[in-house]
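Following: one structure in structure tokens, then a few remarks.
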Amino acid sequence: MRFSPRCRMRALNILKETVAVVAVLVLAYLAVSLMRNHVDRVDNQLQKAQYSAHGGMDLKFLNGIQEKRDLSSLNPDVNIVPSKSQGQLVLQHKDCIDMPGSIRQGLYICVHPVNDDKWVSGTLKAGNLWEANLVQEMLNAFKADPSLQLVDLGCNIGQFSLCAAAVGRHVLSVEMMMTNIQLLQMSLQLSNLTSMVTIVNNAVYSDHRELGVKFMKENIGGNRLNVSNTLDDIDDKAAKVTVKTICMNDLVPLVRNTRVYLKMDIENSEHFALQCADEFFKEVDIKIVQMEWLQRLPEDGKVILAFMNAHGYNMSKSANAHIPVDLTAIPVDIFFLKNSST
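In full-length UniProt numbering, the protein residues as written are 1 to 342.
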């Protein structure tokens with residue numbers, strides 16, 4: 001079959017137009033790729049600047065404004081790690097779910113296998129928030145005081161940290177187990193909240209040292225420093241792990257001049273942590289302290305109560321109103337509210 005010169009010319013023009021379109025698409029793709037690489041390089045540089053104590057400067061992202069803070073006084077034992085997942089872990093991990101509770105669309109939390117973590121991860125996998133009543137107490141406190149920041153000591157896989165960041169609050173998350181931090185990093189990246197959270201990979205204690213970890217059977221959230229008595233089942237088959245401890249006082253440069261909602265859930269080590277926390281409570285305006293009181297030995301409880309009384313705090317059943325607590329029947333979870341005159 002022979003085509004007329006007009007048909008051949010039309011076909012040639014169509015071919016030229018197609019080639020031109022393809023060329024434009026290829027150039028656009030290359031431009032986007034270059035831009036992404038540039039953004040990644042800039043992001044990595046910001047991450048290094050944000051989380052490097054050696055440079056003495058921290059980039060805190062507050063309402064889109066970079067606020068430089070002097071971290072030259074930060075103790076070198078404070079191990080600040082990126083809030084963004086490193087490498088391809090975020091793509092490899094499959095067990096990241098929608099955060100229960102409809103706090104915000106696009107909020108995800110990555111969990112452990114339920115067989116390893118039946119309480120926290122198991123509850124989330126079943127479609128419920130872990131300690132939902134405490135999450136609501138925290139969110140209500142944020143509504144009442146828009147200036148509050150969360151300091152999350154013992155953040156575990158980060159449910160409280162994520163919920164706080166999702167409603168626009170900056171968070172300092174402290175966690176001793178890197179396996180938990182890796183899940184939090186992935187959750188933050190998937191939820192586009194990496195700029196809202198600073199992560200510290202240390203245990204909080206009364207001084208600086210290395211301590212072993214006591215692992216709980218089927219309860220990763222119950223893992224604790226090997227210094228306290230516990231009634232839970234110990235996992236004797238777990239690998240030996242040591243962690244570096246820091247003091248609460250060491251965290252002052254990261255939260256100075258802010259009003260704070262302090263969550264302490266460090267598995268019966270709170271009385272140790274408070275032995276090295278006077279400067280933290282002096283320099284940081286801590287309005288509310290949330291604390292677990294489960295399996296608390298009487299002598300340990302006395303240390304905590306004495307510290308809180310000395311610093312002007314009243315024990316309460318609620319974070320948002322002073323509801324007195326019967327000291328002979330202290331509930332599992334309690335709050336300490338700062339006196340208005342303090």
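Each residue gets a CB set at the ideal place from its N, CA and C atoms; glycine is no exception. Since we're looking at a predicted model, the values are computed, not measured.
Inter-residue Cα distance where the pair is residue i and residue j
i, j, result
"Q295", "N268", "8 Å"
"P82", "M176", "15 Å"
"N128", "L107", "14 Å"
"M248", "L25", "54 Å"
"E299", "M138", "28 Å"
"V73", "D98", "The sequence as given places Ser at residue 73; Val does not occur at that position. Distance between the alpha carbons of S73 and D98: 39 Å."
"S121", "L15", "57 Å"
"A20", "L27", "11 Å"
"Q136", "T194", "23 Å"
"K338", "N309", "10 Å"
"F336", "N75", "28 Å"
"S85", "A329", "43 Å"
"D333", "I199", "24 Å"
"F307", "W130", "28 Å"
"K302", "P331", "15 Å"
"M196", "H170", "5 Å"
"G64", "C276", "Residue confidence is low: G64 scores 34 on pLDDT, short of 50, so the model does not pin down where it sits. Its coordinate-derived value is still stated next. Between G64 and C276, the C-alpha separation is close to 34 Å."
Bridge partners - residue i, DSSP secondary structure assignment
i, result
"K244", "E210"
"C163", "According to DSSP, C163 bridges with nothing at all."
"D77", "Answer is none; D77 lacks a bridge partner."
"C96", "C110"
"D333", "E292"
"I263", "Here residue 263 is Lys; the residue named in the question, Ile, does not match the sequence. DSSP lists D152, Q290 as partners of K263."
"N314", "L337"
"S102", "Answer is none; S102 lacks a bridge partner."
"T198", "L172"
"D250", "Note: D250 sits in no beta bridge, so no partner."
"A203", "T245"
Counted within 10 angstroms of its Cβ, other Cβ atoms place residue i as buried (16 or more) or exposed
i, result
"N13", "exposed"
"S340", "exposed"
"Q185", "buried"
"G209", "Note on residue identity: the sequence assigns Arg, not Gly, to residue 209. So R209 ends up on the exposed side."
"A166", "buried"
"G212", "exposed"
"L327", "exposed"
"G158", "buried"
"M9", "exposed"
"E17", "exposed"
Cβ distance (whole Å) where residue i is taken to contact residue j below 8 Å
i, j, result
"K263", "L124", "Contact doesn't hold; Cβ gap of about 17 Å is too wide."
"V252", "F280", "6 Å"
"I246", "V78", "6 Å"
"N320", "N140", "5 Å"
"S161", "S147", "That belief does not hold up - the Cβ atoms of S161 and S147 are roughly 18 Å apart, past 8 Å."
"C96", "S206", "No, C96 and S206 are not in contact; Cβ-Cβ is about 36 Å, not under 8 Å."
CB contact below 9 Å: residue i versus chain B
i, result
"D326", "Here there is only one protein chain, and chain B is not present."
* **Cβ contact (3+ pairs, closer than 8 Å) linking the region 284 to 291 and the region 109 to 116** => Too few Cβ pairs lie closer than 8 Å, so no.
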